[in-house]
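Be aware that the sequence shown starts at 1049, since it is given in the numbering used here, and climbs by one per residue.
Every residue gets a Cβ at the ideal spot worked out from N, C-alpha and C, and that includes glycine.
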Amino acid sequence: MPTGIIESLDHEARGITRLDGKTVFVEGALPGERVEFSSVRKKPTYELARITRLIRASSSRVPPRCAHFGVCGGCSMQHCDPAAQVAAKQRVLEDNLWHIGRLKPEEIFAPIHGNPWGYRHRARLSVRLVEKKGGMLVGFHEKRSSYIADMRECHTLPPALAKLLLPMRELFGALSIRERLPQVEVAVGERATVLVLRVLEPLSAADEMLTRDFAQRHGVHIHLQPRGPDSVVPFYPEKSGLLSYSLPDFDIELAFGPTEFTQVNPAINRVLVRRAMALLEVRRGERIFDMFCGLGNFSLPMARLGASVLGIEGSAALVRRAEENALKNGLGECAEFAVADLFKATPGSLSPLGPCAKMLIDPPREGAAELIKALAGEEDAGAEASLRPQRIVYVSCNPATLARDAAILIHQKGYRLLGAGVVNMFPQTSHVESIALFRC
């Protein structure tokens, strides 16, 4: 069997080594380790492999907490010390900025990180009847598979929610529609936990009684989703209140629906919002745009600090929620919201918005290339109605698209990359969130 020394981790947390000039990605290996491995897939320029023997272990290797680690696809880094996870993600961010954008930040921000366990307040769990595995399965998919992991515990979910895994299996297995219930979406707020059952057929009277009893016994709210996300309705209690989370630094509480986007890690989100406000250097009276604003996670703190905020979002439902949140927090006069498809942004579509001093961009994984391209460059800075914010904070959930968009800002629009750093929103996984600051 070949052996190799692991140089670093890739974006999926696989160890990287070399064999006969070819890159080899070794599942479960950590930087600095010497491992024996066997290939599971060979390509002309790279190989995928798994460890057959650990010859020299890294000091960062720790025993995985979860019995399902290695099978369940929900985590990929439980064998790595949490501090080393953050360092590896910082390297992924820097590598992407350099290899994709040929960029180096003037400053590396201190990483944002916190409790590595029990943080996941949102999750989508698959449900399937598998008789040969004992009945109903409820959990994440197995690694690189359509099979559902036989989960009996999960340490990334809040403990109270993780304790429901086995009771949910029992409930779903008892329903008449057990083969027509493919998933359950869970959302935890500060005062309620909601389970959204994706039901492809109506519940029978007996099903309703069992589901209502489950909700009462476990203190959760049950919603039903017969079709798309817009079809979600409360089942029990019938007038189930909205979920919410708070941003205490800004005296703000944000309501959200159980299928509406929020950050999965509320503790890290609080620190992220605080960092974003500090980097923006929000000043009273200045006009700031919040692009991909969602339900107001960054918009309302800006408004609380005295800025005049315009939030833009592609989802009309989220814009309505942002407007409601602004009114409930007494910020309706200084925060306004509009619906627009920022993936189709052009200079012409942006010019009616008028100028702004600063901008926050928080796009999905696809990034914000069209929006970035539509901003004015140095040569356009004096043009009437051109949009060229002096300061941009970019919150990213994909280091590759951040690097691509940063390259446009630097090489084409004349901005400087003052700093960048990681946000460990998803501990135990390879997912890399980050925050970057640009100034012209």
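Have a look at residue i and residue j and give me their C-alpha separation to the nearest angstrom.
i, j, result
"Thr1100", "Ser1193", "21 Å"
"Ile1420", "Glu1095", "36 Å"
"Asp1198", "Ala1468", "39 Å"
"Gly1182", "Gly1121", "20 Å"
"Arg1487", "Ala1424", "13 Å"
"His1271", "Val1244", "5 Å"
"Thr1310", "Glu1372", "16 Å"
"Glu1432", "Lys1406", "Its pLDDT being 48, under 50, Glu1432 is placed unreliably in this model, and the coordinates cannot settle the point."
"Met1216", "Asn1472", "29 Å"
"Asn1377", "Ser1363", "21 Å"
"Ala1303", "Leu1291", "6 Å"
"Ile1160", "Lys1180", "44 Å"
"Glu1233", "Asp1068", "46 Å"
"Gly1396", "Ser1478", "38 Å"
"Asp1428", "Pro1447", "28 Å"
Sort out for me which residues DSSP pairs residue i with in a bridge.
i, result
"Cys1120", "Phe1117, Glu1190"
"Tyr1442", "Ile1409, Ala1484"
"Pro1282", "His1271"
"Met1184", "Leu1177"
"Arg1464", "Arg1487"
"Val1367", "For Val1367, which the question treats as bridged, DSSP gives no partner whatsoever."
Within the same chain, show all residues whose beta-carbon is closer than 7 Å to that of residue i, passing over the 5 residues directly before and after it, in chain order.
i, result
"Leu1379", "Leu1348, Ala1351, Arg1352"
"Arg1139", "Ser1056"
"Leu1102", "Glu1081, Val1083"
"Cys1341", "Ser1347, Gly1359, Ile1360, Glu1361, Ala1370, Phe1385"
Just to confirm, is the Cβ distance from residue i to residue j under 8 Å?
i, j, result
"Ala1165", "Thr1204", "Here residue 1165 is Trp; the residue named in the question, Ala, does not match the sequence. Result yes, Cβ atoms of Trp1165 and Thr1204 sit closer than 8 Å."
"Arg1439", "Glu1154", "no"
"Pro1130", "Ser1106", "no"
"Ala1315", "Gly1162", "yes"
"Leu1466", "Leu1485", "yes"
"Val1443", "Leu1141", "no"
"Gly1076", "His1127", "yes"
"Glu1081", "Arg1098", "no"
"Ala1386", "Val1357", "no"
"Leu1173", "Phe1188", "yes"
"Gln1273", "Val1312", "no"
"Leu1295", "Arg1332", "no"
Apart from the five residues on each side of it in sequence, which residues of its chain come closer than 6 Å, Cβ to Cβ, to residue i?
i, result
"Ala1451", "Asn1144, Leu1145, Ile1148, Gly1149"
"Ala1355", "Val1330, Glu1334, Ile1336"
"Phe1391", "Glu1418"
"Ile1409", "Met1339, Ala1416, Tyr1442"
"Ser1269", "The sequence given here has His at residue 1269, not Ser. Cβ neighbours of His1269 beyond the five flanking positions: Ala1240, Val1242, Ser1288."
Once the 5 residues before and after residue i are set aside, which same chain residues still bring their CB inside 8 Å of it?
i, result
"Arg1176", "Met1184, Leu1185, Ile1196, Pro1230"
"Arg1066", "Gly1052, Glu1055, Val1072"
"Val1074", "Gly1052, Ile1054, Arg1062, Gly1063, Ile1064, Thr1065, Val1083, Phe1085, Ala1097, Arg1098, Ile1099"
- Message: Report the start-end ranges of each alpha helix (DSSP H) in the segment 1052–1118 that is 4 residues or longer and not cut off at the edges.
- Response: Segments of the alpha helix (DSSP H) lying fully in the segment 1052–1118: there are none.
- May I have a chain-ordered list of the alpha helix (DSSP H) segments no shorter than 4 residues that lie completely inside the segment 1288–1357? Counting only runs of at least 4 residues, the segment 1288–1357 fully encloses the following alpha helix (DSSP H) elements, listed from N- to C-terminal order: 1314–1328, 1347–1352.
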